[in-house]
Each structure stands twice: as structure tokens, then as C-alpha cells.
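The structure under discussion appears below in the form of C-alpha cells.
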Amino acid sequence: DTTTELAQSHRHFVKSAIDMCLKKCKDDEKMFETIQEFRKELENKNKTLKEKRRAISEVMSEVREKEMEKEDIIQKIQKLKEEQTKRKELIESQNKANKDRLKNLQKARIVFQDHLGLEIRTVMDETQLAKGKKVQFVFRNINPSDQDSAYVITMGIKENGSYQIVSSDPVLDCLPVLELRLQETNNL
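In C-alpha cells form, the structure reads like this:
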């Protein structure tokens with residue numbers, strides 16, 4: 001019976017050892033599966049992290065480009081503001097100069113009207129409709145002995161934009177010289 005008991009005890013021990021080994025094997029398999037899952041999860045997280053880093057890098061690059069564009073636009077706006085200020089100052093100075101010139105011209109007009117009896121008329125006859133208007137300058141106070149006599153000079157503008165003296169009544173010998181001087185100075 002001792003042999004039977006020993007055999008039974010040995011069988012029981014072996015069965016217990018086998019059960020323990022099987023249990024240990026199952027636990028190890030679960031642990032290996034868990035490790036594999038963690039590895040896959042870690043790989044996915046690393047992949048996601050790389051994608052996020054790449055996206056962040058692209059966004060940062062775009063932000064830098066936008067900042068550079070912003071600085072460029074700010075500089076252009078500043079330059080345009082400066083140009084606008086210069087133009088405004090130029091226009092204001094030109095307006096002031098034009099006002100001063102207008103005052104002087106009005107004074108000159110009054111002098112010419114009062115002392116020379118100047119009258120300015122626009123003339124357009126049927127033959128001139130296509131060519132444009134002409135201007136007549138009528139001077140009434142040229143001859144002190146005859147206040148009613150009128151001296152008339154008729155002028156027009158050529159196609160090239162230069163002045164042309166068309167006629168004078170009475171005829172003046174110095175008319176070509178006056179026309180040449182008018183072409184040179186462009187000053188009536």
C-alpha cells in the first residue's frame with residue numbers, strides 16, 4: 001500500500017504541478033497579450049504624436065509666413081500713409097498757390113478791364129463747329145484820343161495744343177512776333 005500511496009501522492013503532486021504550470025502558462029499568455037496590446041497602443045500613440053508634431057510644425061510655419069506678410073502689409077500701409085500725407089500737403093500747397101494766383105489774376109483782370117477796357121468773348125461760327133471755339137480779346141481803352149475804338153485779337157488752339165493768333169483788327173505788324181512769344185512762354 002505504501003507504493004500505491006506514494007504513486008497516488010506522486011500523481012496528485014504531478015497533477016497539481018501540471019495544473020499550476022497550465023495556470024502559469026495561461027497567465028503568461030495573458031501577460032504577453034497585454035504586452036502586445038500595450039506595444040500596439042504605444043505604436044499608435046507614437047504615430048499620432050508624430051502626425052501632431054508635423055501638423056504643429058506646419059501651423060507654426062504658416063504662422064511665421066502670416067507674420068511676415070502682416071509686417072509687409074504694415075510697412076506698405078505706412079508707406080501709403082506717408083505718400084498720402086505728402087500728396088495732401090502738395091495738394092494743399094497747390095491749392096494755396098492757385099488761390100494766390102487766382103487773386104493775382106483777378107487783380108490783373110480788374111486792371112485790364114478798368115485801364116484797357118478788356119472784354120473776353122468766345123466766338124464760334126459755323127465753319128468752326130468741328131474745330132472748336134475761338135476767343136476774342138477786345139481792348140477799348142487803347143487809343144486815348146478815341147475811347148470808342150476797339151482793338152480785337154482772335155485766338156484759337158491748334159490740334160497740337162499750342163495757341164494760334166487767327167486775326168487782329170486793326171491788323172498789327174508785330175502779330176507774328178507776339179504769336180512766337182506766346183508759343184515760347186505759353187503765357188497770355
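Sequential numbering of the sequence shown, starting at 1, is according to UniProt numbering. No residue lacks a Cβ here, since even glycine has one placed at the ideal position from N, Cα and C.
field: Pairwise C-alpha distance: Lys81 and Ala108
entry: Computed Cα separation, rounded: 40 Å.
- prompt: CA-CA distance, Asn143 and Val166?
  reply: Each residue's CA atom was taken as its position, placing Asn143 and Val166 some 22 Å apart.
- prompt: To the nearest angstrom, how far is it from the Cα of Leu129 to the Cα of Gly156?
  reply: Here Leu129 scores only 48 on pLDDT, less than 50, and its place in the model should not be relied on; the value that follows carries that caveat. Roughly 13 Å between the two C-alpha positions.
- request: Kindly confirm or deny that the region 114 to 124 and the region 133 to 148 touch, where touching means at least three C-beta pairs closer than 8 Å.
  value: Touching, yes.
message: Short of 8 Å in beta carbon distance, which residues of its chain neighbour Asp148, apart from the five on each side in sequence? Order them along the chain.
response: Closer than 8 Å at Cβ, skipping near neighbours: Arg140.
field: Classification of Met20 by the beta-carbon crowding that lies within 10 angstroms, buried from 16 upward
entry: So Met20 ends up on the exposed side.
- request: Output the residue ranges of the beta strand (DSSP E) runs that lie fully inside the region 58 to 142 and measure 3 residues or longer, sorted by chain position.
  value: For secondary structure counted as the beta strand (DSSP E) over 3 or more consecutive residues, the region 58 to 142 holds these complete runs in sequence order: 119 to 123, 134 to 139.
field: Through-space distance from Val14 to Asp28, alpha-carbon basis
entry: Spanning the alpha carbons of Asp28 and Val14 requires a straight line of approximately 20 Å.
- request: Compare the C-alpha of Tyr163 against each of Glu184, Gln106, Asp114 and name the closest.
  value: Its Cα nearest to that of Tyr163, the residue Glu184 stands out among Glu184, Gln106, Asp114.
message: How far does the alpha helix (DSSP H) with Val152 in it extend, from its first residue to its last?
response: No alpha helix (DSSP H) holds Val152; the beta strand (DSSP E) holding it covers 151 to 157.
message: Given a cut-off of 7 Å on the beta-carbon distance, is the pair Ser168 and Leu175 in contact?
response: Contact: yes.
message: For Ser16, which residues in the same chain have their Cβ closer than 7 Å to its Cβ, ignoring the five residues on either side in sequence?
response: Excluding positions up to five away in sequence, the list is empty.
For Asp169: DSSP bridge partner residues: For Asp169, the beta-bridge partners assigned by DSSP are Val152.
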